[in-house]
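Chains as they are written, first to last, in our numbering: chain A, 1 to 499; chain B, 1001 to 1499.
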């Protein structure tokens, strides 16, 4: 077993180095690289090297040997070996040439997607979407087991243990409970004068407020980088190199505020992984939904709370004194929680957000089971936006081309956003038993809250399954009712309805 | 041979991917990475992977087979194979653990060097300098041949065919011809009112002029990136991804102008490599001296010419109208050519520049032959600055810690700067036979000059030895007298001396 452990560690050292290259090139492509530079050949070679290492006979035998002795290993290593067995078995089912060609296809697709979106021209991107869907359908056939088939293969990869059945039930419940609430609210106005929101907020001022928020969240320049990109995202490599991006709109200053808090939620998770786990293959977050639970917890539950604005409004007013003359903290609270069916997911309010996810979930499901084809995406998108959100989609740019995920081949990713939001409410409920959360927010720092999250969730990194972390943090299994209760309670109160 | 060619290409595809990672991490570390992030483990693993590929039996046999059949290959490939044989033979003489440990040492050294420089504390960096010198001494013993010993091993690696003997003669000639001229000039003032140089030049304005110069040089944003860093440098990967950095001093606005032109000279070389060569292992410049010849040609011979300021002064005046009120193009010409013995190499004028190089050359030579030790660097540095340039060095920050090269293990690099400057004059002499260079400059674009350089030098990339390229471009072997004639002619005229 000692020899196997050496081979395992040695291979992972190389795999981690290749993952570092992957992180660097991804960060570079999204923030820095000249637009017409092209490193596809190098990226393909790197992906091939990674494939070869993970599927080599030597590594495979070492992992199998460690798996046979898994009960003699530490908990962290045992969990890693279980994941490694699964991962190399799955990878071996994908022929290397298809694996590499698919990676190259995604690299080419990225630029085409950006162009298609800018021109609002779905037809430009269609041949690529078709190829990605074709690959994904083949992929699920390769990976199918007695337990998992079709789209479930992808759902389980993004969030272990999830399936169409579970998501169908989850979304049905959301639909049942939230749609009536949204209908009641529809057309109602929150009682405040929102004219201050139509004023000009300089990018420089927005950046100053973002910088202030970095201090609140505890982002130090020692271990973090902040940049701009078209779509805000979080990247990084290990807990000491965490990078977030943002964008700034003169006509929507709250967008950059909440993008910043959201991405810092992801970053905070990465930074609080324990040192012991950070250096292993289990560094980083436990799953997409768990990651999203952290960003949406910080963005929505903390950042859109009344206490948040009561504590931080003065700083915003200091930066924009003329715009905010006569405006109150409560006005900001109301503005940041206004619910309205709208076109763009990333700008959606907390209440209607999951309807956006449901549209994407249905389309993914149908694409994977062959019920629709890539060419049907725009019409299905527009039909579902009308059905779920009651709105007409004027263009593909604001419609089915708004998100990059499918162009990155990420089918099965979207539903984790809704699940993560639900995790966040369950976590919030548990946190309140230990902490006076509103009082913590009023200290002006998130540190008490972050300490709780570190102890209950962050420190484990990916060394446990998300469901086990959720159970550890909250004392119970996933329960979507916390999400519904939170939203119904908050929005009924906001809009003066009977809860 | 077909099989060997396949193995050769396949290995190089991976080596190029690893080189791309090396470029990305270098760029990231110098411009972007959070200061306390640390990716040493990943960088070591990558360097090990590169070592393993280059020293594998399979690759080695393939290269030897291709070498045996080299006369059947294209000129580009033949040159590559000759270089590959030499390179893998040399690498095999370095034990892998020492190779990797040395790379890790350099990674650690970088941050220590920055701290030592900022604190002007040589003692902080000394243990690292000692280890680097120790490795370099071992390295030259490993690589010694009948033809090459000691420091010559390193000189030959930086510029094929150069040796102590050649450099000693070259520097002796420079000393003989330039030092008397410098003495004559010493204390003389150029006839212009330089008070405009003491005014405040905003960073924003300096950036605008740099942007304007990018247009003059033909840098398009499609394939280039421009950033800031403590020391300006050029980086990139292939002709379609060229990156330069700059710094801005409010009290020395010409510094950023000439740093920009210098780095764009490097970048222009990279961008003009032929498509055919760019994709091979012979992409990039032919050698350090040839690269430096291009940057110094553009910076000094073109950028510090009278025609340059006659053509571009108006733009500078448009950006800084108040500072330059009453100032003429000729004033800028004089300011940018003022000769003065000074402390810092990168800010040195064209005439005294090579004296700075000579100091470094002597110290390197003595370190490698054991005449002095790392601890003697500051005292020898200060002694030689007094002897060659007649000035006292007030601190190590402005003295022996001013350059990062030795902290990067680059012994043998500095002399190529002087050689490159001399190449530039020889190239200029040849160019003037084909082109009216002053008239070209006055077109407002460097494109005619760049076209000549592309045809004579750039397109070959590293597919020929530098001496062959110099011969092709100028019709003769290296002749340092062009450099001396150029400097003596220009400075005698400037300072009103008899040439």
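Glycine residues also receive a C-beta, built at the ideal position from the N, C-alpha and C atoms.
Between the CA atoms of residue j and residue i - distance to the nearest angstrom
| i | j | result |
| --- | --- | --- |
| residue 263/A | residue 257/A | 10 angstroms |
| residue 60/A | residue 421/A | 37 angstroms |
| residue 245/A | residue 1058/B | 45 angstroms |
| residue 114/A | residue 33/A | 15 angstroms |
| residue 1284/B | residue 1330/B | 36 angstroms |
| residue 1132/B | residue 48/A | 35 angstroms |
| residue 1462/B | residue 1287/B | 7 angstroms |
| residue 519/A | residue 487/A | In the structure displayed, chain A extends from 1 to 499; residue 519/A sits before or after that span and is not available. |
| residue 460/A | residue 294/A | 14 angstroms |
| residue 1444/B | residue 344/A | 48 angstroms |
| residue 1326/B | residue 1335/B | 15 angstroms |
| residue 1281/B | residue 1080/B | 7 angstroms |
| residue 172/A | residue 179/A | 10 angstroms |
| residue 1220/B | residue 1273/B | 16 angstroms |
| residue 1121/B | residue 1100/B | 28 angstroms |
| residue 453/A | residue 76/A | 19 angstroms |
| residue 69/A | residue 1021/B | 36 angstroms |
| residue 1097/B | residue 403/A | 47 angstroms |
| residue 224/A | residue 1218/B | 35 angstroms |
| residue 1042/B | residue 23/A | 12 angstroms |
| residue 307/A | residue 431/A | 16 angstroms |
| residue 3/A | residue 1071/B | 47 angstroms |
| residue 1200/B | residue 28/A | 35 angstroms |
| residue 304/A | residue 495/A | 15 angstroms |
| residue 160/A | residue 166/A | 12 angstroms |
| residue 127/A | residue 1321/B | 54 angstroms |
Residue i - containing alpha helix (DSSP H), residue span
| i | result |
| --- | --- |
| residue 1243/B | Unbroken run through residue 1243/B is the beta strand (DSSP E), 1242 to 1246; no alpha helix (DSSP H). |
| residue 144/A | Where residue 144/A is concerned, there is no enclosing alpha helix (DSSP H), given that its DSSP letter is neither H nor E. |
| residue 208/A | 203 to 217 |
| residue 1270/B | 1253 to 1271 |
| residue 1439/B | 1437 to 1442 |
| residue 420/A | 414 to 434 |
| residue 1021/B | 1002 to 1031 |
| residue 1185/B | 1164 to 1185 |
Bounding residues of the beta strand (DSSP E) (the contiguous stretch that carries residue i)
| i | result |
| --- | --- |
| residue 1227/B | 1224 to 1228 |
| residue 236/A | 234 to 236 |
Whole-number beta carbon distance between residue j and residue i, since they are thought to touch under 8 angstroms
| i | j | result |
| --- | --- | --- |
| residue 30/A | residue 229/A | 5 angstroms |
| residue 129/A | residue 377/A | 7 angstroms |
| residue 55/A | residue 88/A | 6 angstroms |
| residue 196/A | residue 324/A | 6 angstroms |
| residue 213/A | residue 289/A | In fact, because the Cβ distance is near 24 angstroms, the residues do not count as touching under 8 angstroms. |
| residue 125/A | residue 407/A | 7 angstroms |
Spatially closest choice to residue i from the options, by CA coordinates
| i | options | result |
| --- | --- | --- |
| residue 1203/B | 1155/B, 1218/B, 1156/B and 1255/B | 1255/B |
| residue 354/A | 127/A, 418/A and 277/A | 418/A |
| residue 152/A | 397/A, 366/A and 396/A | 366/A |
| residue 1110/B | 1468/B, 1495/B, 1456/B and 1410/B | 1410/B |
| residue 1485/B | 1177/B, 1084/B and 1002/B | 1177/B |
| residue 1391/B | 1356/B, 1363/B and 1406/B | 1356/B |
| residue 156/A | 69/A, 467/A and 122/A | 467/A |
| residue 191/A | 148/A, 450/A, 339/A and 35/A | 339/A |
| residue 206/A | 315/A, 394/A and 127/A | 315/A |
| residue 1014/B | 50/A, 19/A and 38/A | 50/A |
| residue 475/A | 10/A, 434/A, 75/A and 221/A | 434/A |
| residue 1158/B | 1175/B, 1321/B and 1292/B | 1292/B |
| residue 565/A | 341/A, 63/A and 194/A | What the structure shows of chain A is the stretch from 1 to 499, and residue 565/A is not part of that stretch, so it cannot be assessed. |
| residue 1440/B | 1401/B, 1311/B, 1006/B and 1398/B | 1311/B |
| residue 1388/B | 1174/B, 1154/B, 1022/B and 1041/B | 1174/B |
| residue 396/A | 405/A, 407/A and 381/A | 381/A |
| residue 1062/B | 1165/B, 1183/B, 1019/B and 1012/B | 1012/B |
| residue 1247/B | 1239/B, 1238/B and 1234/B | 1234/B |
| residue 348/A | 313/A, 239/A, 216/A and 300/A | 300/A |
Residues from the segment 1222 to 1235 of chain B in contact with chain C, defined by Cβ distance under 7 angstroms: Reference to chain C is not applicable here, since the protein chains of this structure are A and B.
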